[in-house]
Amino acid sequence: MVEPRHKSFRSPKPDASRLLAFDLMSEVNQNEGYSNLLVPQALSASSLDERDRALVTELVYGTIRMQGKHDWILKQISDRPFSEIDPGIIDVARLGIHQIHEMRVPDHAAVSSTVEVARKRLGESKASFVNAILRSVVRKSKEEWFEPLQQESDPINRLSILYSHPEWIISAYFDLLKNWYEVEQALRVNNEPATPTLVSWPGYSTVEDLVSIGALPTEFSSFGAHWKGNPGALDLVKSRKAGVQDEGSQLVAEIFSKAAQGSSWLDMCAGPGGKAALLSSLARERSISFTANEISNSRAELVRQVVHGSQVLVGDGRDFGKGEIKYDAILIDAPCTGLGALRRRPEVRWRRNLQDLRELTQLQRELISSGVSALNQGGVLGYATCSPHLAETSIQVADLLRTHPELEQISVDPYLPPGLKDANRAGALSLWTHKHGTDAMYLALFRRRSG
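Following UniProt numbering, the numbering of the sequence shown begins with 1 at its first residue and continues without gaps.
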């Protein structure tokens, strides 16, 4: 008589996409990597199909965006202080909660697949802890978890949890927008993925070229087109006849180029090269000498790849004011908090703080002072940030005009495309993602008085 064969239990094999997502999350959160650089590189090197690539993308970007919301739940579940929990456990638990609450993954599949990632990467003991956490999460619905927030009287705290933004950013948005409904709109779009936008470089490609391959023209930029898919696979991009650049960033370069005159332009803080690529193409068409400067060698190399032979310098922008070379137009795309591009760089919201803001505004003032000194009489200065924060925009402009009476502000109004007149904030360009569909870019223009 043959004895019946008993089935042995085997843990499901952790899938490659979730393992990769966890590895990328760890690189971002524990080694301060940048998701917008790491994810495309990892996917290009992988053998994952399109469906799994999309899963990795959402798991990494989505989990980091909603990290504050997920952590709020974790802090209620765990009996350990949050600071004492292993960072790997936190990251893998966040991935699990994101699948349970923000994706259409069945609870049992989200729990089991996440526990297997923990088992593979962290070991059996920590996987058991993750299993206990996630089983506690699924005992209540998402609505039940967040129902207590309806009674929260502090709108900043409530929105901070619901929309997963630090409180200081929400306060900064309210200072600008002045009503909670619009603040909520701004926070909501920061949590939505941005679609790629292509940019045609004059002399090398046209918007018509982009449209001919299926892209849709942008609403405001004269050079842009929206693309659904991987832009890196396009021949125009691979041959460096066109690039990938948010429409707001394109508008900064376009408006600056319309205001700028003379025979020599400088992009003082050019890396990684988006605005420099467009400006160098526009300058070449007008027989204008264009120079790009970048303090980082590696970023300067990226600039060289897209400016088609224009001069690229490696140095500190604050040193231009000490030299004898003067320029007729200078763009200072200053280092900033990046609060206007949170949908593209989700980890920025968790890394920046008020101390960073203080240090960055000081650096911005020093770069502006250098730019003023390097500007010819009658020349145009453009000051740009990818942040709408008052301290980095309107307050900087007021300080600049107070300390540099030789400058006068130029209104951007004559240079705005139709339909963008509401982006004029006290004479400067101030874009918002929830209003204009672009990153929240800022640009103020100035002219150095003659005499």
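Every residue gets a Cβ at the ideal spot worked out from N, C-alpha and C, and that includes glycine.
Quick caveat, the model's predicted, so the values are computed rather than measured.
- Per DSSP, L162 is one residue of the alpha helix (DSSP H) stretching across P155 to L162.
- When DSSP reads this structure, G243 sits in a beta bridge with V199.
- Fully contained in the region 224 to 285 are the following alpha helix (DSSP H) runs of length 4 or more, in chain order: 235 to 238, 247 to 259 and 274 to 285.
- Taking 8 angstroms as the upper bound for CB-CB distance, Q396 and Y383 are in contact here, some 7 angstroms apart.
- Taking all protein chains in view, the Cβ of T403 is surrounded by fewer than 16 other Cβ atoms within 10 Å, so the residue is classified as exposed.
- Below 8 angstroms, enough C-beta pairs join the region 195 to 206 and the region 242 to 258 to call them touching: three or more.
- Taking the C-beta atoms as reference points, L367 is found no nearer than 7 angstroms to L375.
- In the displayed model, Q30 falls within a helix according to three-state DSSP.
- Within the same chain, Cβ atoms closer than 7 angstroms to the Cβ of V105 are found at Q99, the five residues on either side in sequence being excluded.
- When C-alpha distances from Y163 are compared across D235, S141, G68 and Q76, the shortest belongs to G68.
- L431 is positioned such that its CB atom lies no closer than 7 angstroms to that of A444.
- Boundaries of the alpha helix (DSSP H) harbouring T433: T433 to H436, taken from the DSSP string.
- DSSP lists S264 as the beta-bridge partner residues of S289.
- Looking at the DSSP output, T385 bridges to Y442.
- Rounded to the nearest whole angstrom, the CA to CA distance from G33 to E301 is 20 angstroms.
- In the structure shown, N297 adopts helical secondary structure according to DSSP, grouped into three states.
- V92 sits close to F22, with the two beta carbons spaced by under 7 angstroms.
- Counting only the Cα atoms, K178 lies some 12 angstroms from Q185.
- DSSP places I332 in no alpha helix (DSSP H) but in the uninterrupted beta strand (DSSP E) bounded by Y327 to D333.
- Here DSSP, grouped into helix, strand and coil, assigns G378 to strand.
- Bounds of any alpha helix (DSSP H) do not take in I410; it lies within the beta strand (DSSP E) bounded by L407 to I410.
- Counted as a single uninterrupted DSSP element, the stretch harbouring Q311 is not any alpha helix (DSSP H) but the beta strand (DSSP E) occupying residues Q311 to V314.
- For L55, the CB contacts under 7 angstroms within the same chain, skipping 5 residues up- and downstream, are S17 in chain order.
- Closest by C-alpha distance to G96, out of H434, G214 and D71, is D71.
- Residues of the same chain with a CB within less than 8 angstroms of the CB of L416, apart from the 5 flanking positions on each side, are I255, A423, N424 and L429 in chain order.
- For S136, the uninterrupted alpha helix (DSSP H) run begins and ends at E124 to V137, by DSSP.
- When secondary structure is reduced to three states using DSSP, P217 falls in the strand class.
- Per the coordinates, the alpha-carbon of V306 lies some 8 angstroms from the alpha-carbon of G274.
- Under the three-state reduction of DSSP, N190 is assigned to helix.
- Around the Cβ of Q250, a 10 Å sphere holds 16 or more other Cβ atoms; the residue is buried.
- In the same chain as I161, and ignoring 5 residues on each side of it, the C-beta atoms closer than 7 angstroms to its own belong to G68, K69, W72 and L149, in chain order.
- Per DSSP, the beta-bridge partners of L429 are N424 and L443.
- In the DSSP assignment, S212 falls within the unbroken alpha helix (DSSP H) covering V207 to S212.
- Of the candidates W227, E359 and S222, W227 places its Cα closest to the Cα of S212.
- The closest CA to that of V137, considering only I77, G427 and V303, is found on I77.
- DSSP places V372 in the uninterrupted alpha helix (DSSP H) bounded by L354 to S373.
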